[in-house]
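K.L.:
In the working numbering, the protein residues as written are 124 to 489.
(1) Determine the burial state of residue 141: buried for a count of at least 16 other Cβ atoms within 10 Å of its Cβ, exposed for fewer.
(2) Taking its Cβ as the centre, do 16 or more other Cβ atoms sit within 10 Å of residue 369, making it buried, or is it exposed?
(3) If you draw a straight line from the C-alpha of residue 343 to the C-alpha of residue 206, how long is it?
(4) So if DSSP puts residue 282 in a beta bridge, which residue, or which two residues, is it bridged to?
(5) Candidates 158, 477, 257: which alpha carbon is nearest residue 124's?
(6) Given 8 Å as the limit, is there contact between the stretch 256–273 and the stretch 389–406, that is, 3 or more CB pairs closer than that?
(7) Mark residue 138 as exposed unless 16 or more other C-beta atoms lie within 10 angstroms of its C-beta, in which case mark it buried.
(8) Assuming contact is defined by CB atoms lying nearer than 7 Å, are residue 441 and residue 289 in contact in what I supplied?
(9) Report yes if the C-beta distance between residue 396 and residue 211 is below 7 Å; otherwise report no.
(10) Is the stretch 312–319 in contact with the stretch 337–353, if contact means three or more CB pairs nearer than 8 Å?
(11) Can you list, in chain order, the stretches of the beta strand (DSSP E) that have 3 or more residues and sit fully within the stretch 166–208?
(12) Using a Cβ-Cβ cutoff of less than 8 Å, which residues in the same chain neighbour residue 482 once the five nearest sequence positions on both sides are dropped?
(13) Using CA coordinates, which residue listed in 380, 450, 186 is at the minimum distance from residue 223?
(14) Is residue 263 helix, strand or coil by DSSP?
(15) Straight-line CA distance for residue 340 to residue 220?
(16) Provide the residue span of the beta strand (DSSP E) that contains residue 463, from first to last.
(17) Going by beta carbon distance, what residues of the same chain come within less than 7 Å of residue 324, once the five residues before and after it are set aside?
(18) Note down the Cα distance separating residue 287 from residue 392, rounded to an integer number of angstroms.
(19) When we look at the beta-carbon of residue 411 and count the other beta-carbons within 10 Å, is it buried (16 or more) or exposed?
(20) Please tell me whether residue 319 and residue 375 are closer than 7 Å, where the distance is taken between their beta carbons.
(21) Out of curiosity, what's the CA-to-CA distance linking residue 499 and residue 277?
(22) Is the beta carbon of residue 234 sitting closer than 7 Å to the one on residue 377?
(23) Take residue 225 and list the residues in its own chain whose beta-carbon comes closer than 6 Å to its own, dropping the five residues that flank it on each side.
(24) According to the Cβ coordinates, are residue 462 and residue 448 closer than 7 Å?
(25) For residue 274, write down the residues that DSSP places opposite it in a beta bridge.
(26) Can you say whether residue 161 is buried or exposed, counting buried as having 16 or more other CB atoms within 10 angstroms of its CB?
(27) Given this structure, state the Cα-to-Cα distance separating residue 74 from residue 302, to the nearest angstrom.
(28) Would you tell me roughly how many angstroms separate the C-alpha atoms of residue 425 and residue 168, rounded to the nearest one?
(29) Cutting at 7 Å between CB atoms, please list the residues of its own chain near residue 178, excluding the five before and the five after it.
(30) Could you tell me which of 182, 279, 406 sits nearest to residue 479, measuring between CA atoms?
(31) Taking residue 466 and residue 297 to be in contact with their CB atoms under 8 Å, please state how far apart those CB atoms are, rounded to whole angstroms.
(32) First and last residue of the beta strand (DSSP E) that includes residue 306?
(33) Is it right to say residue 281 is buried, meaning 16 or more other beta carbons lie within 10 angstroms of its own, or is it exposed?
(34) Hey, quick one: how far does the alpha helix (DSSP H) through residue 532 stretch, first residue to last?
(35) Using a threshold of 7 Å, state whether the C-beta atoms of residue 419 and residue 435 are closer than that.
(36) Quick check on DSSP: helix, strand or coil for residue 164?
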């Protein structure tokens with residue numbers, strides 16, 4: 124609707140822009156790809172109607188960002204209504220690493236496009252998991268300019284509220300249910316310990332945010348990292364039962380988010396202002412969200428049916444998709460038994476929309 128307001132035909136975005144044109148509120152249904160987001164009537168008021176544009180301002184100084192926000196808001200006064208201003212602030216742990224409100228290292232395992240970034244990752248090893256990605260994973264030709272080398276990207280924005288007190292209480296309950304410590308229980312939910320150590324590699328923290336790992340052949344039954352752990356649900360690292368490794372990698376998204384609200388906050392309005400970029404919202408973000416994350420039968424229906432299926436324990440929106448948790452953490456590939464525990468409901472969508480970030484030539488021509 125924002126491009127229509129500018130007099131630009133949204134149909135020019137073509138097939139890859141179908142989800143963008145429909146918008147986030149579109150509650151499409153299919154058997155294996157149901158949209159389980161809460162209805163827009165439950166969102167915060169500014170997001171319930173049409174949102175035509177999305178402006179991101181960032182900087183090293185909060186005062187500087189606030190000043191620029193006032194300047195931009197004033198400048199838009201004659202042509203637009205500012206529906207809401209969301210303010211985010213980077214949170215860091217004692218080592219200076221970025222974290223989210225539950226306390227876990229965030230933004231690890233991104234697709235990398237620039238040689239300098241790939242070279243830095245290569246220093247820690249990329250023989251098991253190569254994070255490199257082609258620019259086509261996130262960039263598409265801007266259909267509304269004839270300028271050369273003019274590219275844009277489809278952007279998903281979601282305001283996600285986090286219930287910190289509820290999450291911590293349920294981690295404690297899960298730890299008691301499994302007879303393990305709370306750090307391991309939390310890692311079984313997220314897929315990593317708070318310091319970023321992958322739970323598929325070890326049963327305690329201390330390794331840090333390693334990224335050079337896969338789930339096969341050492342963890343085929345989810346005894347170390349459950350199939351419903353967030354990072355395994357959202358990225359199977361070559362273990363997808365239905366897609367080739369190349370096809371699986373083509374579903375990746377480039378995530379960019381920032382926490383909002385004051386920490387520490389056992390209660391109150393805190394969460395994450397989530398953004399991700401991709402070349403096709405339907406086959407990337409929506410596919411990950413609906414076919415993997417919120418599908419309680421994925422990824423096990425082709426491996427060992429009913430072993431430990433369930434909703435994504437961190438961000439899943441399926442309230443009745445009870446997970447089956449490993450009775451013990453173990454290296455063995457054999458089935459070790461499962462305990463039922465319904466973990467979830469601590470991350471809630473409060474609003475959002477789909478956008479297209481245009482090329483610089485398009486913006487200069489406005």
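The beta-carbon is built from N, C-alpha and C at its ideal position, and this holds for glycine as well. Predicted model only: the values in this text are computed from it and were never measured.
P.N.:
Judging by the given coordinates:
(1) Translated into the one-based positions of the chain shown, residue 141 becomes position 18. Classification of residue 141: exposed, given that the 10 Å Cβ count is below 16.
(2) Mapped onto the chain shown, residue 369 falls at position 246. Result: exposed.
(3) In the chain shown, counting from the first residue as 1, residue 343 sits at position 220. In the chain shown, counting from the first residue as 1, residue 206 sits at position 83. Approximately 48 Å between the Cα atoms of the pair.
(4) Working through the chain shown from its first residue, we reach residue 282 at position 159. DSSP lists 396, 474 as partners of residue 282.
(5) As a working mapping, residue 124 is identified with position 1 in the chain shown. Of 158, 477, 257, the residue nearest in Cα terms is 477.
(6) Under the Cβ criterion (8 Å, minimum of three pairs), the stretch 256–273 counts as touching the stretch 389–406.
(7) The residue you call residue 138 lines up with position 15 of the chain shown. Exposed.
(8) Position 318 of the chain shown, counting from 1, holds the residue named residue 441. Position 166 of the chain shown, counting from 1, holds the residue named residue 289. For residue 441 and residue 289, no; Cβs fall outside 7 Å.
(9) If you number the chain shown from 1, residue 396 lands on position 273. If you number the chain shown from 1, residue 211 lands on position 88. Annotated as proximal: residue 396 and residue 211, with beta-carbon spacing under 7 Å.
(10) yes
(11) none
(12) As a working note, residue 482 is residue 359 in the chain shown. So the qualifying residues of the chain are 265, 268, 270, 273, 274, 275.
(13) Here residue 223 corresponds to residue number 100 of the chain shown, with the count starting at 1. Comparing Cα-Cα distances from residue 223 to each of 380, 450, 186, the minimum goes to 380.
(14) Locating residue 263 in the chain shown gives position 140, where the first residue counts as 1. Here residue 263 sits in strand by DSSP.
(15) By one-based count along the chain shown, residue 340 stands at place 217. By one-based count along the chain shown, residue 220 stands at place 97. Straight across, the Cα-Cα distance linking residue 340 with residue 220 is about 30 Å.
(16) As a first step, residue 463 is located in the chain shown; it is residue number 340 there, counting from the start. Per DSSP, residue 463 belongs to the beta strand (DSSP E) from 461–464.
(17) Taking the chain shown and counting its residues from 1, one reaches residue 324 at position 201. Once the five neighbours on either side are set aside, the close Cβ partners of residue 324 are 330, 333, 336.
(18) Residue numbering aside, residue 287 sits at position 164 when the chain shown is read from its first letter. Residue numbering aside, residue 392 sits at position 269 when the chain shown is read from its first letter. Each residue's alpha carbon lies about 10 Å from the other.
(19) For the purposes of this step, residue 411 is taken as the residue at position 288 of the chain shown. Residue 411 is buried by the Cβ-count criterion.
(20) For the purposes of this step, residue 319 is taken as the residue at position 196 of the chain shown. For the purposes of this step, residue 375 is taken as the residue at position 252 of the chain shown. In this structure, residue 319 keeps its C-beta atom at 7 Å or more from the C-beta atom of residue 375.
(21) No information on residue 499 is available, as it lies outside the stretch 124 to 489 that the chain covers here.
(22) What you label residue 234 is simply residue 111 of the chain shown in a count that begins at 1. What you label residue 377 is simply residue 254 of the chain shown in a count that begins at 1. Yes.
(23) Start at 1 with the first residue of the chain shown, and residue 225 comes out as number 102. Contacts found: 290.
(24) As a position in the chain shown, residue 462 is number 339, starting the count at 1. As a position in the chain shown, residue 448 is number 325, starting the count at 1. Contact flag set, yes.
(25) Taking the first residue of the chain shown as position 1, residue 274 is located at position 151. For residue 274, which the question treats as bridged, DSSP gives the partners 264.
(26) Here residue 161 refers to the residue found at position 38 when the chain shown is read from its first residue. That one is exposed.
(27) Past the edges of the chain, shown from 124 to 489, lies residue 74, and the structure says nothing about it.
(28) Position 302 of the chain shown, counted from the start, is the residue given in the question as residue 425. Position 45 of the chain shown, counted from the start, is the residue given in the question as residue 168. Residue placement at residue 425 cannot be trusted, given a pLDDT of 49 that sits under 50; what the coordinates show is reported in the next sentence. One C-alpha to the other measures close to 42 Å.
(29) Within the chain shown, numbered from 1, the residue matching residue 178 stands at position 55. Only 195 meet the Cβ criterion.
(30) Sequence index remark: in the chain shown, residue 479 carries index 356 (1-based). The candidate whose alpha carbon is nearest that of residue 479 is 279.
(31) For this step, residue 466 is matched to residue 343 along the chain shown. For this step, residue 297 is matched to residue 174 along the chain shown. Between residue 297 and residue 466 the Cβ distance is about 6 Å, and since that is below 8 Å, they are a contact.
(32) Position 183 of the chain shown holds residue 306. Segment 305–313 is the alpha helix (DSSP H) holding residue 306; no beta strand (DSSP E) there.
(33) What you label residue 281 is simply residue 158 of the chain shown in a count that begins at 1. Buried, since its Cβ has 16 or more Cβ neighbours within 10 Å.
(34) Any question about residue 532 goes unanswered here, given that the chain covers just 124 to 489.
(35) Residue numbering aside, residue 419 sits at position 296 when the chain shown is read from its first letter. Residue numbering aside, residue 435 sits at position 312 when the chain shown is read from its first letter. No. Outside cutoff.
(36) Taking the first residue of the chain shown as 1, we reach residue 164 at position 41. Residue state, collapsed to three classes: helix.
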